[in-house]
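Structure first, commentary second.
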Amino acid sequence: MAKPSGAICNLDCTYCFFLSKELLYPGDRFRMADRVLHEWIRQTIEAHRTPEVVLAFQGGEPTLLGLDFFRRAVAYARECAGGRAIELSIQTNGTLLDDAWARFLHDEHFLVGLSMDGPPAMHDAYRVDKHGRPTYDRVRGAWDLLQRHDVDTNILCTVNAANAGHPLEVYRHFRDDLGARIIQLIPIVERATAGELDAANRGWRGADDERPLYVQHGDLVTDRTVGSEQWGAFLIAVFDEWVRRDVGTVFVPTFDAALAAWLGMPPGLCIFRETCGDALALEHNGDVYSCDHFVEPDYRLGNITTTHVVELVASPKQRAFGQAKAGTLPRYCRECDVRFACNGECPRNRFIRTPDGEDGLNYLCEGYKAFFHHVDGPMRAMARLLRSGRYADEIMNERGRGDPA
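Using the numbering used here, the letters of the sequence shown correspond one by one to residues 614 to 1018.
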């Protein structure tokens, strides 16, 4: 994925892990030059041997670069396509969109991911602008604008301390109030920094207490962080609603990935794959990092203006990064009965100890184990339906469809 504006954003979401990445490039304008844009598009297309190539823009806030930047990107992608279909996607907070943007996104068949965390009070708890003002109304306006222009739009919802206790309210808001049909659920896990740990050890939380800490599994995390059991309960509540009435009409990637696991197929989400290393992040200046969650000096692979992205993906450093996901699993995970569905989830969250004291257990382990055990029966049933040439949504006939309680 490309980050054409780097970490620069017009919002100041308090849980955002990426805003601080601008410190990697002091004094930079954080604006991708056309030369870098062209290299990324050309190399990405060259790197694929498939009939379709996905070009994904994220941030920061990518719309800060303006509509003309994206018009140039699309025009160049068409030049390089060589007969292949180009799929375009953009993740945005939506607050800068207007009719011109919406027409462009529709006409160029962009898939738009809109960041929203639920109903107003839950969304506004952490998703604020640079002045600390709430943003829900502006984001909801962007959703309505995109729907009027018939833009293919999904919701990306982070699950955090403000909304984790209200799973059905969040899900039904997206499904019923917005009419969303693809809902991505991303847990917020913020581990305390070294400075915060030092402050906590000295009994001081900071002058303005901006990032209070609390203890989970013996580790300090910020109080915006979703609890592990809380995350599992959130997924279970949404799944029970979904499997009763929404299979085949609402798509939740976490559930799709679980069904793939029960079918013995690769999951669509990298966090559940046995190994990783193919989801690189491209910074505005052409620097390539091992992963969106590892944009740090130790994980910089090189720059596409001097080294082709294929070489960077295939480099020993990146292959070692990807293989380490499986190679560093503690025995507790290797012996787990739902490892086939989880594979230890994302390495960024592996910072607690197993019950027998081994390092490297995922912070969200308890929640994921509860969820995967809970869905075992329905997943087996849907997998059985699909293997017999039928449709997964037939499970709703077996379980009863009815109205929500």
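The beta carbon of each residue, even a glycine, is placed where N, CA and C say it ideally should be.
Alpha-carbon spacing of E665 relative to T676, whole angstroms
As a working mapping, residue 665 is identified with position 52 in the sequence shown. As a working mapping, residue 676 is identified with position 63 in the sequence shown. Their Cα atoms are separated by approximately 24 Å.
Taking all protein chains shown into account, do 16 or more other C-beta atoms lie within 10 angstroms of the C-beta of E1011, making it buried, or fewer, making it exposed?
Along the sequence shown, read from residue 1 onward, the residue named residue 1011 stands at position 398. Flag for E1011 reads exposed.
Can you tell me whether H661 is buried or exposed? The criterion is at least 16 other CB atoms within 10 Å of its CB, across all chains shown.
What you label residue 661 is simply residue 48 of the sequence shown in a count that begins at 1. So H661 counts as exposed.
Within 10 Å of its beta-carbon, does A874 have 16 or more other beta-carbons around it, so buried, or fewer, so exposed?
For this step, residue 874 is matched to residue 261 along the sequence shown. When all chains shown are included, A874 counts as buried.
First through last residue of the beta strand (DSSP E) which encompasses V988
What you label residue 988 is simply residue 375 of the sequence shown in a count that begins at 1. No beta strand (DSSP E) contains V988, which DSSP labels as neither H nor E.
Out of S618, S841, V865 and I654, point me to the one whose CA is closest to R642's CA.
Position 29 of the sequence shown holds residue 642. The option with the nearest alpha carbon to R642 is S618.
Leaving out five residues before and five after V752 in sequence, what residues of the same chain have Cβ atoms less than 8 Å from its Cβ?
One-based indexing of the sequence shown puts residue 752 at position 139. Taken in chain order, the residues that qualify are N706, G707, T708, L727, S728, M729, H736 and R740.
With L914 and K930 assumed to form a contact (beta carbons below 8 Å), what rounded beta-carbon distance in angstroms separates them?
Start at 1 with the first residue of the sequence shown, and residue 914 comes out as number 301. Start at 1 with the first residue of the sequence shown, and residue 930 comes out as number 317. Right, their Cβ atoms sit about 6 Å apart.
Option in P960, L925, R966 and R932 with minimal Cα separation from Y945
Your numbering for residue 945 matches position 332 in the sequence shown. Measuring from the Cα of Y945, the nearest candidate turns out to be R966.
If you compare alpha carbons, which of A846, A698 and G745 is closest to E659?
For the purposes of this step, residue 659 is identified with residue 46 of the sequence shown, where counting begins at 1. Of the listed residues, the one whose Cα sits closest to E659 is A698.
Less than 8 Å between the beta carbons of T838 and I801, yes or no?
Here residue 838 refers to the residue found at position 225 of the sequence shown. Here residue 801 refers to the residue found at position 188 of the sequence shown. The answer is yes: Cβ separation under 8 Å.
Is Y981 helix, strand or coil by DSSP?
As a first step, residue 981 must be located in the sequence shown, where it is residue number 368. Residue state, collapsed to three classes: helix.
Under 8 Å, Cβ to Cβ, is there at least one residue of chain C near W653?
You won't find chain C in this structure, because it holds only one protein chain.
Between A887 and the rest of its own chain, which residues show a CB-CB distance below 8 Å, the 5 nearest in sequence each way excluded?
Numbered from 1 along the sequence shown, position 274 holds the residue referred to as residue 887. First, the amino acid is wrong: residue 887 is Glu here, not Ala. K938, A939 and N956.
Helix, strand or coil at R804 according to DSSP, with G and I counted as helix:
On the sequence shown, position 191 is the one that residue 804 refers to. In this structure, R804 counts as strand in the three-state DSSP scheme.
How long is the line joining the alpha carbons of G861 and H986, rounded to whole angstroms?
Residue 861 sits at position 248 when you count from the first residue of the sequence shown. Residue 986 sits at position 373 when you count from the first residue of the sequence shown. Roughly 22 Å separates the two Cα atoms.
CA-CA distance, R1029 and E700?
Residue numbering for the chain in the displayed model covers 614 to 1018; residue 1029 lies beyond these limits and cannot be assessed.
Out of A793, Q704, T766 and K743, point me to the one whose CA is closest to H719's CA.
Numbered from its first residue, the sequence shown carries residue 719 at position 106. Of the candidates A793, Q704, T766 and K743, the one whose C-alpha sits nearest the C-alpha of H719 is T766.
Separation of E674 from L636, as counted between CA atoms
Taking the sequence shown and counting its residues from 1, one reaches residue 636 at position 23. Taking the sequence shown and counting its residues from 1, one reaches residue 674 at position 61. Their Cα atoms are separated by approximately 16 Å.
Pull up the CB-CB distance for M1009 and R858, whole angstroms please, since I reckon it's below 8 Å.
Translated into positions along the sequence shown, residue 1009 becomes position 396. Translated into positions along the sequence shown, residue 858 becomes position 245. About 6 Å; that satisfies the 8 Å criterion.
CB of A871 within 8 Å of CB of V725, strictly:
Residue 871 sits at position 258 when you count from the first residue of the sequence shown. Residue 725 sits at position 112 when you count from the first residue of the sequence shown. Not closer than 8 Å, so no.
Tell me the DSSP secondary structure of G880 in three-state form.
To locate residue 880, count along the sequence shown from 1; it is residue 267. The sequence as given places Pro at residue 880; Gly does not occur at that position. DSSP places P880 in coil when its eight states are reduced to three.
Counting only the same chain and skipping the five closest in sequence on each side, list residues whose C-beta sits under 6 Å from that of I849.
Here the question's residue 849 lines up with position 236 in the sequence shown. Contacts found: F984 and H987.
Can you give the Cα-Cα distance for T920 and C889, rounded to whole angstroms?
Sequence index remark: in the sequence shown, residue 920 carries index 307 (1-based). Sequence index remark: in the sequence shown, residue 889 carries index 276 (1-based). T920 and C889: Cα-Cα distance of roughly 21 Å.
Assuming I699 is part of the beta strand (DSSP E), what are its boundary residues?
The residue given as residue 699 occupies position 86 in the sequence shown. A698 to T705 is the extent of the beta strand (DSSP E) around I699.
Classify A620: buried if its beta carbon has 16 or more other beta carbons within 10 angstroms, exposed otherwise.
For the purposes of this step, residue 620 is taken as residue 7 along the sequence shown, with counting starting at 1. Classification for A620: buried.
Close beta carbons around W855, own chain, < 8 Å, minus the five adjacent residues each side
Along the sequence shown, read from residue 1 onward, the residue named residue 855 stands at position 242. Counting only Cβ-Cβ distances below 8 Å, and skipping sequence neighbours, we find Y784, V863, V865 and F868.
Quick one: which unbroken alpha helix (DSSP H) runs of 4-plus residues sit fully inside the segment 742 to 766? Chain order, please.
749 to 761
Using a Cβ-Cβ cut-off of 6 Å (strictly less than) and excluding sequence neighbours within five positions of D822, which residues of its own chain qualify?
Counting from one through the sequence shown, the residue named residue 822 turns up at place 209. The pLDDT assigned to D822 is 46, lower than 50, so where the model puts this residue is not dependable, and the model offers no usable value.
What are the boundary residues of the beta strand (DSSP E) that R740 is part of?
Position 127 of the sequence shown, counting from 1, holds the residue named residue 740. That residue, R740, is in no beta strand (DSSP E); it is neither H nor E in DSSP.
How many angstroms separate the CA atom of K982 from the CA atom of G679?
Residue numbering aside, residue 982 sits at position 369 when the sequence shown is read from its first letter. Residue numbering aside, residue 679 sits at position 66 when the sequence shown is read from its first letter. Cα to Cα, K982 sits roughly 43 Å from G679.
Just to confirm my understanding: we take M995, look at its own chain, exclude 5 residues before and 5 after, and list those with CB closer than 7 Å. What are they?
Translated into the one-based positions of the sequence shown, residue 995 becomes position 382. Result list for M995: L872, A1005 and I1008, in chain order.
Among D647, T663 and D790, which residue has its Cα nearest to the Cα of D757?
Residue mapping note: residue 757 aligns to position 144 of the sequence shown, counting from 1. Residue D790 is the option with its Cα nearest to D757.
Terminal residues of the beta strand (DSSP E) in which Y945 lies
If you number the sequence shown from 1, residue 945 lands on position 332. Where Y945 is concerned, there is no enclosing beta strand (DSSP E), although the alpha helix (DSSP H) it sits in stretches over R944 to R947.
Assuming D891 contacts M614 (C-beta within less than 8 Å), just tell me the rounded distance between them.
Residue mapping note: residue 891 aligns to position 278 of the sequence shown, counting from 1. Residue mapping note: residue 614 aligns to position 1 of the sequence shown, counting from 1. In fact, because the Cβ distance is near 11 Å, the residues do not count as touching under 8 Å.
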